[in-house]
Amino acid sequence: DREIEFPVFQFTRSNGSISLQDSTVIPKVFTSEKLPFETEPRQLPLVTPTAALIYPIGGVPSAISALPGIGSAGALASQLLSNLAGFSPAFLPGQSGFLESAPLKEPISVVGPSSIKVRITSTANDATLFFSLVSKSPSGAINLPNGIVAPVKISNISNGSKDVVINLPATVLDASIGDLLAVGISSTDQGYETPKTSRFYSVSPLSPLT
């Protein structure tokens with residue numbers, strides 16, 4: 063009998079490429095000879111020194127990472143708008159910023175969570191921010207998978223700044239050669255409660271994206 067060898071770890075992405083023959087979706091399969099927790103995490107340096115954001119009174123207008131009640135369909139609509147106009151409702155001008163990598167020299171597929179250590183400054187003694195992992199194409203289109211963000215509230219900010227490790231949401235994200243991987247940051251999000259008073263934030267990377 064012939065033994066069938068299976069990979070130690072396998073992940074299948076159902077919405078892969080589109081067949082040119084019959085327009086069916088071709089699944090994309092990822093395999094590894096090691097479990098995810100057995101591998102050394104890949105580190106990607108970020109070249110943006112600081113992202114500066116304002117937070118308006120009452121959080122109005124608010125960013126929309128995903129439309130309530132629509133979920134991933136709303137995120138898809140936001141992505142289409144970004145592809146067409148280079149604008150994403152999840153990242154409003156002035157209220158958002160990006161900590162970006164250099165243009166990628168090889169394609170990258172991210173499967174799972176990421177993390178980064180940052181220094182947050184605030185004109186108040188607290189901060190409420192929304193972090194996400196995104197890719198940006200050379201044309202400026204922003205890809206925020208499924209509209210997933212990590213809400214982070216920081217209290218007791220002494221001397222105007224605080225260093226924290228941000229755990230980004232687990233996601234599946236493909237980036238091509240020439241794209242940027244970036245940590246997207248927003249001071250508002252319609253799906254969450256935010257502060258009543260206005261303030262100014264800045265976020266600086268203290269570590270590579272892991």
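Counting in our numbering, the sequence shown runs from 63 upward without gaps.
Note that CB positions come from ideal geometry on N, CA and C, so glycine has one too.
Hey, residue i and residue j are a contact pair by Cβ (cut 8 Å); roughly how many whole angstroms apart?
| i | j | result |
| --- | --- | --- |
| A237 | L243 | 5 Å |
| Y263 | S184 | 5 Å |
| S176 | T272 | 6 Å |
| I219 | S150 | The Cβ separation is near 28 Å, so there is no contact. |
| V245 | I178 | 6 Å |
Among the residues of its own chain, which have a CB less than 6 Å from the CB of residue i, if the five just before and after it don't count?
| i | result |
| --- | --- |
| Q252 | S124, I126 |
| A135 | Here A135 scores only 48 on pLDDT, less than 50, and its place in the model is too uncertain to base an answer on. |
| K215 | T190 |
Rounded to whole angstroms, what's the CA-CA distance from residue i to residue j? Just pull it up for me.
| i | j | result |
| --- | --- | --- |
| E168 | S197 | 14 Å |
| Q72 | K224 | 39 Å |
| P107 | P267 | 9 Å |
| K258 | A128 | 22 Å |
| A232 | S269 | 19 Å |
| Q105 | Y117 | 31 Å |
| L97 | S248 | 33 Å |
| R261 | T190 | 10 Å |
| G120 | T250 | 9 Å |
| A212 | I88 | 30 Å |
| S278 | V122 | Examination of residue 278 is not possible in this model, given that the chain is present from 63 through 272 alone. |
| P200 | D241 | 6 Å |
| P207 | G222 | 32 Å |
| G156 | D84 | 44 Å |
| P103 | F153 | 28 Å |
| F192 | T256 | 10 Å |
| G202 | K90 | 25 Å |
Below 8 Å CB to CB, which residues in the same chain sit around residue i once its five sequence neighbours on both sides are set aside?
| i | result |
| --- | --- |
| V109 | E162, S163, A164 |
| S217 | N187, D188 |
Check for me: the beta strand (DSSP E) holding residue i runs from which residue to which?
| i | result |
| --- | --- |
| E162 | 158-162 |
| P165 | No beta strand (DSSP E) contains P165, which DSSP labels as neither H nor E. |
| Y117 | 113-117 |
| V245 | 242-248 |
| R261 | 261-267 |
| N229 | 223-237 |
| K215 | 212-216 |
| F192 | 189-198 |
Take residue i and list the residues in its own chain whose beta-carbon comes closer than 7 Å to its own, dropping the five residues that flank it on each side.
| i | result |
| --- | --- |
| A114 | G159, S264 |
| S171 | F92, D236 |
| I210 | S194, P231, T233 |
| V180 | V226, I228, V265, S266, P267, L268 |
| I239 | L166, K167, E168, P169 |
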